[in-house]
Amino acid sequence: MQAARGTPLTGDQTDPAPSGPVPSRSSNRRLLALFAAVALTAYAVDVVSKIVAVDRLTGRPDVQIVGDLFQLHLVRNPGAAFSTGTAYTEVLSVVAIIAVLVLLYLSRRIGSVGWAVSLGLLLAGVAGNLTDRLLRTPGPLRGHVIDFFVLPHWPVFNVADICIDVAAALILVQVYRGRRLDGSRAPRDHEAAE
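Numbering (our numbering), first residue to last: 54 to 247.
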């Protein structure tokens, strides 16, 4: 006998329970607050560092911090990483706007500290470089990104780029650990076979 179509009265269910704890509403709020705090803090550091770099480095030769190992050199980059896609600045800007909207949408589903930190950093990095593309010369959607950190044999980069790279590494760690965005654990291959 069934109470409703497809629902057994005995409580036996064929679907396995989700692996891992289901976050409560207060836990979700805390994780969303952590996501927002990480994103806003990293974004502010990026914006302020670019303002200072433009103010202090414009028209100056390279500033050596640790000899040739770490220097400061102001570059206005119209392209993406490694200065690729310089003819597609407007397309890169639109892609960044979509990425920000997707990250904000996904943030509602965050169920673990690892995902809150990684997506917060990713949002800060994407938004930081997008801000340059929207507000800097030569104009909206065509603005050049401010880069100023120099390492040997590596393209010039900024705080937003660091945030994106660290976020990518943290996301890979979450995926490797089998931790889904909602905080549940994906079953391992040997668990799924049982």
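Glycine included, each C-beta is placed from N, C-alpha and C at the ideal position.
| query | result |
| --- | --- |
| Taking all protein chains shown into account, do 16 or more other C-beta atoms lie within 10 angstroms of the C-beta of residue 101, making it buried, or fewer, making it exposed? | exposed |
| Would you kindly work out how many angstroms separate the C-alpha atoms of residue 90 and residue 185, rounded to a whole number? | 21 angstroms |
| How many angstroms separate the CA atom of residue 95 from the CA atom of residue 235? | 23 angstroms |
| Run through the DSSP bridge pairs and tell me what residue 226 is partnered with. | According to DSSP, residue 226 bridges with nothing at all. |
| Using 8 angstroms for Cβ pairs, my map puts residue 213 next to residue 178. What's the rounded Cβ distance? | 4 angstroms |
| Would you call the CB atoms of residue 107 and residue 127 closer than 8 angstroms? | yes |
| Is it buried or exposed for residue 138, if we count other Cβ within 10 angstroms and need 16 for buried? | exposed |
| Do the CB positions of residue 182 and residue 198 come within less than 8 angstroms of each other? | yes |
| Measure the C-alpha to C-alpha separation of residue 216 and residue 153 and round it to an integer number of angstroms. | 14 angstroms |
| Classify residue 210 as buried or exposed, calling it buried when 16 or more other Cβ atoms lie within 10 Å of its own Cβ. | buried |
| Assign residue 150 to one of three DSSP states: helix, strand, or coil. | helix |
| Measuring alpha carbon to alpha carbon, tell me which residue in 97, 205, 238 is nearest residue 176. | 97 |
| Please classify residue 198: does DSSP put it in a helix, a strand, or coil? | strand |
| On the DSSP bridge list, what partners appear for residue 161? | Answer by DSSP bridge pairing: none, since residue 161 is not bridged. |
| Spatial neighbours of residue 145 within its chain, please: C-beta separation below 8 angstroms, excluding the five flanking residues on both sides. | 132, 133, 138, 186 |
| Just grab the DSSP bridge partners of residue 125 for me. | 116, 202 |
| Just verifying my parser: in three-state terms, what is the DSSP assignment at residue 130? | strand |
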